[in-house]
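Worksheet: one structure, shown below.
Numbering (the working numbering), first residue to last: 995 to 1055.
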């Protein structure tokens, strides 16, 4: 096993941390959890093209 985790592990961990942050933040905002996840997902999808490094290519399997 290598010291660097595989890329799929980082993606899953990032999604879980994001969902945890949404769950914590939703306590102060009176909004259903699923609606908050949809809003965050749309925001990440919209801003993702600016955050993604140029050397990563997305391909369909």
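Where a beta carbon is used, it is the ideal one built from N, C-alpha and C, also for glycine.
Spatial neighbours of residue 1020 within its chain, please: CB distance less than 6 Å, with the 5 preceding and 5 following residues excluded, ordered by chain position. What you label residue 1020 is simply residue 26 of the chain shown in a count that begins at 1. For residue 1020, where only same-chain residues beyond five positions count, the Cβ hits under 6 Å are 1027, 1030.
In chain order, what residues of the same chain have a beta carbon less than 8 Å from the beta carbon of residue 1038, not counting five sequence neighbours either side? Taking the first residue of the chain shown as 1, we reach residue 1038 at position 44. Apart from the 5 residues on each side of it in sequence, residue 1038 sits with its Cβ closer than 8 Å to the Cβ of 1012 in its chain, given in chain order.
Taking the alpha carbon of residue 1034 as the point to measure from, which residue in 1044, 1043, 1015 has its own alpha carbon closest? Position 40 of the chain shown, counting from 1, holds the residue named residue 1034. The shortest C-alpha separation from residue 1034 is found at 1015.
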